[in-house]
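Visitor: Starting off with a structure, shown below.
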Amino acid sequence: MALAKLRAILRLMRVEQWYKNALVVIPALFSLKLADPSTYPRLAVGFASLSLASSANYVLNDIVDLERDKLHPRKRTRPLPSGQVRVEEALVYATALASTSLLLAVYANPIFALYVLALIALNQLYSLYLKEIAVIDVVTIAMNYLVRTASGSALVEVETSPWLFSGIFFLALFLAVSKRKAEIVIAGHEARKVLKAYNREWLNQALSTTAAMVMATYAVYCAEVPLGRRLIVTVPLVAFFLLRYTLAIEAGRGEQPHEIVMGDRATLISALMLIASIFLLVYAQP
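In terms of the working numbering, the sequence shown opens at residue 510 and continues consecutively.
What follows is the structure, given as structure tokens:
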């Protein structure tokens with residue numbers, strides 16, 4: 510019984526979504542801070558703080574959407590709609606998660622704590638209001654990714670190229686638009702209210718535009734930033750990943766980014782090759 514309860518709590522926390530908080534490492538990666546072992550404890554605390562904040566947001570979002578989720582064929586099996594976790598319990602968990610997250614953030618870096626607070630606030634605005642407004646919903650999701658990345662700059666106290674931030678934003682926007690299209694492909698326009706405002710033609714155009722912006726900003730970063738010039742050879746990998754990702758969406762590989770990447774071998778291999786190439790090229794001896 511205790512084990513079943515623990516599993517329900519972990520599902521409620523969406524632990525499988527914590528990978529998104531790895532964005533906190535990006536500024537350290539591109540500023541060569543990963544060569545300094547003293548950076549790792551701070552990054553670990555930062556990752557933990559962001560992950561707990563994300564879990565708090567997921568719990569609060571599930572409370573807000575409880576009645577709607579009870580009617581959804583897939584979401585009704587989640588811990589709250591299915592009755593595995595009571596609302597009162599969920600509120601306690603959310604409070605504990607958010608409080609622990611902020612305590613860790615303050616311990617790591619007070620400025621970083623402000624970004625964590627902003628992430629929590631932005632997510633609550635999204636859950637309560639913004640997710641029902643077409644276009645604003647996907648831009649807000651993209652802003653979440655950007656806040657995570659910017660928090661990494663504050664955490665390790667480095668400046669990050671505006672071109673890199675731009676690339677992260679457009680990549681996040683690409684992923685957010687991709688998610689909306691995947692939801693329509695898999696479950697139709699009834700999957701969520703905001704999907705009724707979208708059609709495939711617009712989503713395809715938005716995907717093309719955001720993918721082009723990702724490639725353009727990344728290419729400019731590679732050309733303009735001294736460190737980035739080592740990475741110019743990875744531009745084709747970025748292009749392949751984006752194009753293959755859109756193909757995987759059409760094939761209905763999943764709704765979440767990790768489902769789509771893990772569900773298509775070529776997309777997964779290209780992502781792993783890109784990550785490995787960037788790391789090796791950035792930290793290669795000059």
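Even for Gly, the Cβ is constructed at its ideal location relative to N, Cα and C. Model, not experiment: these values are computed from the prediction.
In the DSSP assignment, the alpha helix (DSSP H) including L661 goes from what residue to what residue?
Guide: For the purposes of this step, residue 661 is taken as residue 152 along the sequence shown, with counting starting at 1. Sequence inspection shows Gly at residue 661; the Leu mentioned does not correspond to that position. That run of the alpha helix (DSSP H) goes I645 to V665.
Visitor: Under 8 Å by Cβ, that's how I've got V656 and A681 pegged, so tell me the actual separation to the nearest angstrom.
Guide: As a first step, residue 656 must be located in the sequence shown, where it is residue number 147. As a first step, residue 681 must be located in the sequence shown, where it is residue number 172. About 10 Å; that fails the 8 Å criterion.
Visitor: Helix, strand or coil: how does DSSP classify I769 here?
Guide: Along the sequence shown, read from residue 1 onward, the residue named residue 769 stands at position 260. If DSSP states are grouped into helix, strand and coil, I769 belongs with the helices.
Visitor: Check the C-beta distance from F683 over to L716 and give it rounded, since I have them as a contact under 8 Å.
Guide: Counted from its first residue, the sequence shown places residue 683 at position 174. Counted from its first residue, the sequence shown places residue 716 at position 207. Indeed they touch by this definition, with Cβ atoms about 7 Å apart.
Visitor: Quick check on A748: does DSSP put it in helix, strand or coil?
Guide: Here residue 748 is taken as the residue at index 239 of the sequence shown, counted from 1. Reduced to three states, the DSSP call for A748 is helix.
Visitor: Is P582 buried or exposed, if buried means 16 or more other CB atoms sit within 10 Å of its CB?
Guide: Working through the sequence shown from its first residue, we reach residue 582 at position 73. Residue burial is scored here from C-beta neighbours: P582 has fewer than 16 other C-beta atoms within 10 angstroms and is therefore classed as exposed.
Visitor: Which one of F556, R585, A659 and D646 has the shortest CA to CA distance from F539?
Guide: Counting from one through the sequence shown, the residue named residue 539 turns up at place 30. Here the closest residue by C-alpha is A659.
Visitor: With a threshold of 8 Å, are at least 3 pairs of Cβ atoms found where one atom belongs to the stretch 660 to 677 and the other to the stretch 530 to 546?
Guide: yes
Visitor: Thinking A685 and V647 are a contact (beta carbons under 8 Å), I'd like their distance in whole angstroms, please.
Guide: Walking along the sequence shown from the start, residue 685 turns up at place 176. Walking along the sequence shown from the start, residue 647 turns up at place 138. Going by Cβ atoms, the distance from A685 to V647 rounds to 4 Å, so yes, they are a contact pair.
Visitor: Does the stretch 542 to 555 come within contact of the stretch 593 to 611, defined as at least 3 CB pairs closer than 8 Å?
Guide: no
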